[in-house]
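Note sheet for the following structure.
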Amino acid sequence: MTAYAQSPEEIRESFLLLLNLMLIQYICLFILWLIAHLILAAALSRMAKNAHIRHPWLSWIPIAQFWIVGELISEKLRGNGGIKVLLIGCVTIVFRFLPFHHLYIDLLVKIPEPIYRFVSLTLWILLIYIVYRLYEAYAKKAWIHTVLSIIPFYAPIALFVLRNRERRY
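Each residue of the sequence shown is one higher than the one before, starting from 115 at the first, in our numbering.
Structure representation (structure tokens):
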């Protein structure tokens with residue numbers, strides 16, 4: 115039996131091919147994210163205009179979209195929905211990226227695992243509730259849309275379809 119050995123040039127070519135494939139994958143994912151963002155922003159902008167919310171152009175800014183969603187469901191959140199949902203969204207973003215920054219977390223903050231899991235679960239439940247309330251404002255069977263929102267790109271498309279409907283509350 116002979117061992118197969120690659121030359122340094124073959125290893126370099128394989129590595130460059132892998133890097134190119136990863137670059138193409140990231141470019142494709144970015145394009146899909148951009149398309150979903152534009153569809154969602156157009157839907158939220160139209161919903162905000164129809165609901166007479168100040169500054170509907172904020173729906174085009176990714177973090178500010180939380181404020182628009184909160185204002186759309188503010189009645190169900192007992193007022194100040196924009197600020198409440200914006201805070202929940204910002205905390206969720208921070209908690210999503212915490213596991214990827216272990217070095218910084220270990221140096222700055224030590225969060226016990228049970229507390230981290232409890233906060234993460236609570237944030238997920240709050241976000242599901244917010245999505246449900248948004249669908250409830252515009253669709254009859256909101257729970258079906260909420261469950262289907264697990265499917266990637268479903269929520270932007272569903273909200274785009276619902277954008278011109280009258281609010282139910």
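C-beta atoms are modelled at their ideal positions from N, C-alpha and C, and glycine is treated no differently.
| Query | Result |
| --- | --- |
| Distance, L191 Cα to P228 Cα | 28 Å |
| Rounded separation between M161 and F180 - CA only | 13 Å |
| Straight-line gap, I258 to P226 (C-alpha atoms, nearest Å) | 35 Å |
| Inter-residue spacing [alpha-carbon to alpha-carbon] between H151 and L130 | 31 Å |
| Alpha helix (DSSP H) segments (min. 4 residues) lying fully within the stretch 154-183 | none |
| Close Cβ partners of Y246 (< 6 Å) along its chain, the five nearest in sequence each way excluded | A256 and T260 |
| Beta-carbon spacing of V183, L158 below 8 Å | yes |
| Helix, strand or coil at N134 [DSSP, three-state] | helix |
| Bounding residues of the alpha helix (DSSP H) (the contiguous stretch that carries R192) | Where R192 is concerned, there is no enclosing alpha helix (DSSP H), given that its DSSP letter is neither H nor E. |
| Residue of S121, N134, L154 and I207 minimising C-alpha distance to P270 | L154 |
| Residue range of the alpha helix (DSSP H) that includes R102 | For the chain, the structure presents residues 115 to 283; residue 102 sits outside this window and is missing. |
| Distance CB(R281)-CB(Y243) smaller than 8 Å | no |
| A119 classed as buried or exposed, judged by whether at least 16 other C-beta atoms fall within 10 angstroms | exposed |
| Test item: CB-CB of I202 and L248 under 8 Å | no |
| CB contact flag (E185, G193, <8 Å) | no |
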